[in-house]
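The opening position of the sequence shown corresponds to residue -10 in the working numbering, with each subsequent residue numbered one higher.
Idealized CB from N, CA, C, for every residue including glycine.
Quick caveat, the model's predicted, so the values are computed rather than measured.
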Amino acid sequence: MIRNQKQKDNIKNRDISHLDSNSVLKRNMNNLNFHIKAILFLSSLMMILWIGVLTIFRFSFASSASSTSDGLEQIYQLLIVFFVCNAIVFCLVWLAERSFISGKWLVFIIFYSSFMVAFFMPQIETMMFNDSVQMPLWIIYSAIFSGLVACSIIAILLVRMYGKYENNNEHFVSSLWDGNKTELLWKFSILAVIYAGFYFFFGYYIAWQFPELRFYYSGTTELKGFFEQWEYSFSQKPILPFFQIMRGFLWASVGFFTTRALKKDVNWESYIIVGLILSIGLSFQLLIPNPYIPASVRIGHFYEALIENFLFGVIAAIMFKQKEI
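As structure tokens, then:
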């Protein structure tokens, strides 16, 4: 009798365990379906807003609104833009999911990180080297404005869709940095110098190794030594080192906000999330064809920006990560 009862209990426990496993699997599948639908929707909307604002500017400021691309080329460009938007939104969703904050501050951090990385920082770099790029200023300004529009709307919708819009963390600002303010300033300064060093190091040893890229910027394919090349570049653009240090402070600010928004128990993920946030939006858009930067030049900068900014993001996350108590 006792043996039969034990067998019945074992069968019952197995059935309950099986039901629990099925429930977990079903819940995980529902979550996965929601993530996929959310990312596809937000990516599509980001692409529409991005291209829509650029199109409005093109009809308003360009001397000719006609396109020189054929149908297949335009479809290819749209697919690349959609892929880039998916990559950006994926990183933003990951950030939102692992964040302990909500409400307006989460909206701000998602907006700030996406706008700075994918729109503002690339365009101020373009302006610095526009003597080579020769991009009309209206395109640069329209790219920045399209980023303002797209990132604002995407940030609000993303936070709403993930149920994090209502609960405002008003204490987030006061607890944004619980250490010494001088220490924080030193960390920002160190990161700014690190970024400038990365920029010159990876710029030379990755991007500058492409002959087409050297010809594009200097008019010659000659490969000078590291110090000789940068000495020449500084003589042509004396402001360049200071400009990159300034950009380093801005990159550090993105790393700071994204890192401090993450939960304390998010360990190895925090380094990957911040690294991807700082690198994907910048590097992946270099895959988008455009008439001002040849493909070989874009590919050289793609590898440079991806590696350079990912490593910088990891270092920023290490320096700014909240300590578990």
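{"Asked": "Pull up the distance between the alpha-carbon of Ser32 and that of Ile98, whole angstroms please.", "Found": "18 Å"}
{"Asked": "So, at 7 Å on beta carbons, what are the nonlocal neighbours of Lys310 in its own chain, with the 5 sequence-adjacent residues on each side left out?", "Found": "Thr248, Ser259"}
{"Asked": "Less than 6 Å between C-beta atoms, sequence neighbours within five positions excluded: which residues of the same chain meet that for Ile304?", "Found": "none"}
{"Asked": "For the segment 227 to 282, which segments carrying the alpha helix (DSSP H) assignment without a break, of at least 4 residues, lie completely within its bounds, in sequence order?", "Found": "229 to 250, 257 to 273"}
{"Asked": "Which class does Ser88 belong to by DSSP, given the choice of helix, strand or coil?", "Found": "strand"}
{"Asked": "Determine the closest residue to Leu180 out of Leu239, Arg203, Ile40, Pro227, with distance taken between C-alpha atoms.", "Found": "Leu239"}
{"Asked": "Where Pro125 and Asn169 are concerned, what is the direct C-alpha to C-alpha distance, given to the nearest angstrom?", "Found": "45 Å"}
{"Asked": "Going along the chain, which residues of its own chain have a beta-carbon closer than 7 Å to the beta-carbon of Phe79, five neighbours each way excluded?", "Found": "Ile28"}
{"Asked": "For Ile133, which residues from the same chain have a beta carbon less than 8 Å from its beta carbon, with the 5 sequence-adjacent residues on both sides left out?", "Found": "Phe108, Phe109, Gln112"}
{"Asked": "Could you tell me whether the Cβ atoms of Glu297 and Phe191 are closer together than 7 Å?", "Found": "yes"}
{"Asked": "Is it right to say Tyr194 is buried, meaning 16 or more other beta carbons lie within 10 angstroms of its own, or is it exposed?", "Found": "exposed"}
{"Asked": "Inspect the CB distances between the segment 85 to 103 and the segment 251 to 266 and report whether three or more fall short of 8 Å.", "Found": "yes"}
{"Asked": "Decide yes or no for the touch test of the segment 263 to 277 against the segment 211 to 227: beta carbon pairs closer than 8 Å, at least 3 of them.", "Found": "no"}
{"Asked": "With 16 other CB atoms within 10 Å as the buried threshold, where does Phe223 fall?", "Found": "exposed"}
{"Asked": "For Ala306, which residues of its own chain have a beta-carbon under 6 Å away from its beta-carbon, when the five flanking residues on both sides are left out?", "Found": "Thr248, Ser259, Tyr260, Val263"}
{"Asked": "According to DSSP, simplified to helix, strand and coil, what is Asp120?", "Found": "helix"}
{"Asked": "Going by beta carbon distance, what residues of the same chain come within less than 6 Å of Met36, once the five residues before and after it are set aside?", "Found": "Val70, Phe71, Cys74"}
{"Asked": "Please confirm whether Leu61 and Lys153 have their CB atoms less than 7 Å apart.", "Found": "no"}
{"Asked": "Report the rounded CA-to-CA distance for Leu202 versus Ala196, giving the unit in angstroms.", "Found": "7 Å"}
{"Asked": "So, for Tyr151: in the same chain, excluding its five sequence neighbours on each side, which residues have a beta-carbon less than 8 Å away from its beta-carbon?", "Found": "Ala27, Val82, Ala85, Glu86"}
{"Asked": "If the criterion is Cβ atoms closer than 7 Å, does the pair Pro278 and Gln66 meet it?", "Found": "yes"}
{"Asked": "Out of Asn22, Ser103, Trp127, Phe204, which has the shortest C-alpha to C-alpha gap to Ile143?", "Found": "Ser103"}
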